[in-house]
């Protein structure tokens, strides 16, 4: 009895609701047509540049033939994925991607925090500003130039070897040594982004209530104690949010620099998923296969983001969504 | 009032300052080295196996070679055009969409926002995007240098947050005076947002100046190449022959590395010079804002760059 009434009500209410929504929407659009018009170019951009290619992801499940286009090409199911998982490259590029990302999180992520904490202890404002300005600079240098500098510096007659030879290390072309690729990659990232990365933490530090420090001083806390009990807890929400965001991009190793710096002699340790996609897709024009690999990449990425977000929700108050 | 500092505190300060000086040297020395080597005399530099702290000798031939090299000049011109046109379009597209999405009471506002945020985590990926650009027929045209990245989603969110922080009362009173939506945006909201627009010019401008990857996949005509792509051929592929011909062959052989350094300086200095000017704009803007008592929201990650300049 009850059920039938419910279903009756449901069937009569639902369509009317839908009509209402449409009606309200049309009214809203007419009323705010100026605003919708202003938004239109931007929305078109998102549709063309982001949503249209999303339809194109289907070629990962197809055997793409250029003359037939994305929609005309025949379906072949999971073949490309199976081929990829079975291939020699799968473990290699997955391992490289995860290892490089792991290094850059473990070493690269805390670096700007430490710089911000050091800067925060500086009393002389002029000195502080000079250090900041100088450490920002590398951020504005392009990947191409940074890579060019790395190539020049790691040569036998380059700067690194000049510095290292003072310490008695024999000269070597470091960039061609696969074992050193990751260190060079992550190290140059830190060099480039440490100052810029510290900005956000410095901004967060200025937001900490200064009365907390005064209270701590009265209680006899030294600078170390103040750091542990006030500064770090004050920074924690910012650190967590940024860490989650970073986790969401675990699989996106800065591949522009990878493809500028790697060479067949370092593929073993340097080739990451996105550089592999680039090689297979753009250079070898193996569109479907490359798309399948790229799709796998974003799927794993998304899983990382969701789990990091969940963990942080569980153990702290801050989360992205 | 005199503050007494313990010995431990003084030691701490000294150690801290020393560490920061080391970091500062590490951050700036590679650039200084490039500048020094670009000015050095090649024969002196070739046999020199120590750390450079000044140019060895002095010559400007390398700069002569770079500034007389056709691909570099064409690349330079293209990059300037892409940066100016691209940044202007970035600003128009980002501002209009951010403004619209900041309007309260818009029915589609939240759904549009979700649609946009999704693209930060999901995208078609390299190949499908490339195929779409091909289908649109913009491959190998200047449009392909401008169209991808027309709106940076982070930047969009920052601008939207900023617009939302401007008190409603301001536009209410304009509306009562009979101003249209367009007029409110152009006459009230945008002038109030100049500091954030300066930040956007910095972000987008640097992005265009430094970009090479899109050019490398979308462009094959060398007359359209941006500077960074020309640089890649010189610095990464190591193809300096073209540059050295203008100096004659004998001089050329040792010159290769030095010419590369000069190319780096020529390409990088404009962007480093621009930065302090824009910083001034932020400070000015923050000052105005503080006087007008407009609260700066605790917004999305990157706009802390702006917050820092406003709190300092």
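Chains as they are written, first to last, in the working numbering: chain A, 691 to 1011; chain B, 5 to 316.
Beta carbons: idealized from backbone N, C-alpha and C, even for Gly.
Keep in mind it's a predicted model, so treat the numbers as computed, not measured.
For residue 886 of chain A, no pairing in a beta bridge is given by DSSP. The closest CA to that of residue 844 of chain A, considering only B:83, B:34, B:190, B:15, is found on B:34. Taking a contact as a CB-CB distance under 8 Å, the pair residue 937 of chain A and residue 998 of chain A counts as one, their CB atoms being some 4 Å apart.
Residue pairing for residue 765 of chain A: DSSP places it in a beta bridge opposite A:752.
In the three-state reduction of the DSSP assignment, residue 841 of chain A falls in the helix class. Contact annotation: residue 231 of chain B and residue 271 of chain B have beta-carbon atoms nearer than 8 Å. Residue 780 of chain A and residue 965 of chain A have their alpha carbons spaced roughly 13 Å apart.
For residue 961 of chain A, no Cβ of chain B is located within less than 8 Å of the residue's own Cβ.
Contact between the stretch 829-848 of chain A and the stretch 945-962 of chain A is present: 3 or more CB-CB pairs across the two stretches fall below 8 Å. The stretch 127-140 of chain B makes no contact with the stretch 61-70 of chain B; the number of CB pairs closer than 8 Å stays below 3.
A distance below 7 Å between beta-carbons, with the five flanking residues on each side excluded, links residue 763 of chain A to the following residues of its chain, in chain order: 749, 752, 753, 754, 755. Boundaries of the alpha helix (DSSP H) around residue 977 of chain A: 977-1005. If you draw a straight line from the Cα of residue 157 of chain B to the Cα of residue 208 of chain B, it is about 12 Å long.
Interface flag for residue 81 of chain B against chain A is unset, since no Cβ pair is found closer than 8 Å. If you check the CB distance, residue 871 of chain A and residue 793 of chain A do not come in under 8 Å.
Between the C-alpha atoms of residue 783 of chain A and residue 791 of chain A there is a straight-line separation of about 12 Å. Just so you know, the alpha carbons of residue 79 of chain B and residue 151 of chain B end up roughly 19 Å apart. In summary, the residues of the stretch 219-232 of chain B whose CB is separated from some CB of chain A by less than 7 Å are 221, 232, in the order they occur in the chain. DSSP places residue 819 of chain A within a helical segment (H, G or I) once states are collapsed to three. Bounds of any alpha helix (DSSP H) do not take in residue 811 of chain A, whose DSSP letter is neither H nor E. Judged by their CB atoms, residue 724 of chain A and residue 198 of chain B are not nearer to each other than the 8 Å cut-off. Chain A has a Cβ within less than 8 Å of the Cβ of residue 264 of chain B.
Sorting B:249, B:280, B:269, B:106 by C-alpha distance to the C-alpha of residue 74 of chain B places B:249 at the top.
If you draw a 10 Å sphere on the C-beta of residue 83 of chain B, you find 16 or more other C-beta atoms in it, and that means buried.
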